[in-house]
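Colleague:
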């Protein structure tokens, strides 16, 4: 565990908390992609099955349980409790175009052909693109509420901090996982355009609005 | 497998 990794995890946790608080306080999930949230729930479920088989640390176990619980909590708020506010007309990204290639790639490129390893690899590939329905929704409506922007910024920061964590670990000559790194870099690149808009607009008090 | 890195990341 190094400082980048810890800040990355905390940033990830912060993103999830921002999202839950936004939905809870405004009693609305307008502007949030239920499809991305659904994909994140699949990601955590597929990846954290190792909770049943391996113990890494108390920190690791607690965080996994928190991520699982909050992802299902978010789905509950979006699809049950505040379903009436869910903006499904703008949430139209075809997620089978992400899930099926992630399954295929996990079957082809993995480190070990076992069920648990393939599920882990699938979760890594799927996570790298799971935010696309959300970014697609923002581009479709042409804008995002500030709170949604903060959520996306925290989520993107988590990925960027994980890259710093790998660079740090590389200097310590630790063993690194190539699959996680390549997918992580792809995932971070997806946020670059958003980062630019966030830094140039949202932080200056303007609404995130895409150029027409 | 000992050659694989431990999956300690979230």
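Protein chains in written order, with my numbering: chain A, 1 to 212; chain B, 1001 to 1010. No residue lacks a Cβ here, since even glycine has one placed at the ideal position from N, Cα and C.
According to DSSP, is residue 96 (chain A) helix, strand or coil?
Modeller: DSSP places residue 96 (chain A) in helix when its eight states are reduced to three.
Colleague: Round the Cβ separation of residue 105 (chain A) and residue 125 (chain A) to the nearest angstrom and send it over; I've been treating them as touching at under 8 Å.
Modeller: About 5 Å; that satisfies the 8 Å criterion.
Colleague: What number of angstroms, rounded off, separates the C-alpha of residue 89 (chain A) from the C-alpha of residue 1 (chain A)?
Modeller: Looking at the two C-alpha atoms, the distance is approximately 42 Å.
Colleague: Residue range of the alpha helix (DSSP H) that residue 213 (chain A) falls in?
Modeller: Look at the range of chain A in this structure, 1 to 212, and you will see that residue 213 (chain A) is not part of it.
Colleague: Let me make sure I understand the geometry here. Which of A:4, A:25, A:99 has the alpha-carbon closest to that of residue 36 (chain A)?
Modeller: Comparing Cα-Cα distances from residue 36 (chain A) to each of A:4, A:25, A:99, the minimum goes to A:99.
Colleague: Suppose the cutoff is 8 Å on Cβ atoms and the five residues either side in sequence are ignored; what does the same chain contact list for residue 183 (chain A) look like?
Modeller: Contacts found: 124, 125, 127, 128.
Colleague: For residue 117 (chain A) and residue 47 (chain A), I'd like the C-alpha separation in whole angstroms.
Modeller: Spanning the two alpha carbons is a distance of roughly 9 Å.
Colleague: Considering only DSSP beta bridges, list what residue 209 (chain A) is partnered with.
Modeller: For residue 209 (chain A), which the question treats as bridged, DSSP gives the partners A:143.
Colleague: Verify the CB distance criterion: does residue 89 (chain A) have a CB-CB separation below 8 Å to chain B?
Modeller: It does not; no Cβ of chain B falls within 8 Å.
Colleague: Taking 8 Å as the cut-off, decide whether the C-beta atoms of residue 151 (chain A) and residue 15 (chain A) are in contact.
Modeller: Cβ atoms of residue 151 (chain A) and residue 15 (chain A): closer than 8 Å.
Colleague: Taking Cβ positions only, does residue 67 (chain A) come closer than 8 Å to chain B?
Modeller: It does; some Cβ of chain B falls within 8 Å.
Colleague: Where residue 1008 (chain B) and residue 177 (chain A) are concerned, what is the direct C-alpha to C-alpha distance, given to the nearest angstrom?
Modeller: Those two C-alpha atoms are separated by around 11 Å.
Colleague: Considering only the beta carbon of each residue, do residue 32 (chain A) and residue 200 (chain A) sit closer than 8 Å?
Modeller: No; because the gap between Cβ atoms is not below 8 Å, this pair is not in contact.
Colleague: Are the stretch 18 to 29 of chain A and the stretch 64 to 83 of chain A touching by the rule of at least three beta carbon pairs closer than 8 Å?
Modeller: They touch, by the three-pair rule.
Colleague: How close, in whole Å, do the beta carbons of residue 142 (chain A) and residue 86 (chain A) come, if the pair is a contact with beta carbons under 8 Å?
Modeller: Rounded, the Cβ-Cβ distance is 19 Å, inconsistent with contact.
Colleague: Does the beta carbon of residue 193 (chain A) sit closer than 8 Å to a beta carbon anywhere in chain B?
Modeller: No, its Cβ sits nowhere closer than 8 Å to a Cβ of chain B.
Colleague: Would you list, in chain order, the members of the stretch 52 to 79 of chain A that have their beta-carbon closer than 9 Å to a beta-carbon of chain B?
Modeller: For the stretch 52 to 79 of chain A, which is checked against every Cβ of chain B, the residues closer than 9 Å are 54, 56, 57, 60, 63, 64, 67.
Colleague: Nearest-angstrom Cα distance between residue 28 (chain A) and residue 82 (chain A)?
Modeller: Spanning the two alpha carbons is a distance of roughly 6 Å.
Colleague: Could you check where the alpha helix (DSSP H) with residue 67 (chain A) kicks off and where it finishes?
Modeller: Per DSSP, residue 67 (chain A) belongs to the alpha helix (DSSP H) from 58 to 76.
Colleague: Quick one: using the 10 Å Cβ neighbour count with 16 as the cut-off for buried, is residue 133 (chain A) buried or exposed?
Modeller: Buried is the call here.
Colleague: Along the alpha helix (DSSP H) that carries residue 127 (chain A), what are the first and last residues, could you check?
Modeller: Where residue 127 (chain A) is concerned, the enclosing alpha helix (DSSP H) stretches over 115 to 129.
Colleague: In chain order, what residues of the stretch 97 to 111 of chain A put their CB closer than 8 Å to some CB of chain B?
Modeller: Residues passing the 8 Å Cβ filter: 111.
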